[in-house]
Each structure stands twice: as structure tokens, then as C-alpha cells.
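Undergrad: Sharing a structure here in C-alpha cells format.
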Amino acid sequence: MNNASIMQIAGEAIFLVIKLAGPMLIVALGVGILISLFQTVTQIQEMTLTFLPKVLAVGIVIFISGNWMIGQLEAFTYSLFNQIPTLIAGR
0 MNNASIMQIA GEAIFLVIKL AGPMLIVALG VGILISLFQT VTQIQEMTLT FLPKVLAVGI
60 VIFISGNWMI GQLEAFTYSL FNQIPTLIAG R
């Protein structure tokens, strides 16, 4: 096991985390901006108003893309398990 293989695995893991968290974060950001715009237009200054719509939107995204997310994690895990013999051998 050398530094190059560790850096490759770490890079793949970071990219996977960004790829999996991205849709949820983008939806939460979009809903937050829309609710903030609504609050600005109607002059409602309630901080807790954005919580429930964000939770619902993120829940819907998880429900819709959960199967894809699990597939991505499963493929990454299989890839890591298949690399174990070569990592131990030091190739």
C-alpha cells in the first residue's frame, strides 16, 4: 500500500460524498431561497418558517434518488473490497 493508492481512494471517496450530497444540498438551497424571497415579499420575519419545507424537500429527494445513492455506495464498496488484495500485496 503506497501513498498514491491511498490518495486515489480518498479522492474517489470525496467525489462520491459530493455526488451523493449534492442533490439534497441544492434542493435545500433552492427551497431556502424561495422561502426567503417569499418572506421578503410578504414581510414575514419568522425564522422557523423555512424548516419544514426544507425537511420535506430533502425527504422527497432522498425518496426519489435513494435507490441511485445506495447503488453508488454499493459500487464504491465493491470496488474497495476488490482492491484489498492488491493493496495488501503492495502493488
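For the record, in the sequence shown the residue sitting at position 48 is 47 according to numbering that gives the first Met the number 0, with numbers rising by one throughout. Cβ atoms here follow ideal geometry from the backbone N, Cα and C, with glycine treated the same way. This structure is a prediction, so every number in the text was calculated from the model and none was measured.
1. What first and last residue would you give for the alpha helix (DSSP H) that runs through M6?
2. Are V98 and V26 touching if we call contact CB-CB under 8 Å?
3. Run through DSSP, which three-state label would Q44 get?
4. Scan the segment 53-84 and note each continuous alpha helix (DSSP H) run of 4 residues or more that stays entirely inside, going in chain order.
5. Counting only the same chain and skipping the five closest in sequence on each side, list residues whose C-beta sits under 7 Å from that of L19.
6. Please state whether the Cβ-Cβ distance between L15 and F75 is less than 8 Å.
TA: By the coordinates alone:
1. That run of the alpha helix (DSSP H) goes 2-41.
2. Outside the shown range of the chain, which is 0 to 90, sits residue 98, and nothing can be said about it.
3. Assigned with DSSP and collapsed to three states, Q44 falls in coil, not helix or strand.
4. List check, alpha helix (DSSP H) in window: nothing returned.
5. M68, Q71
6. yes
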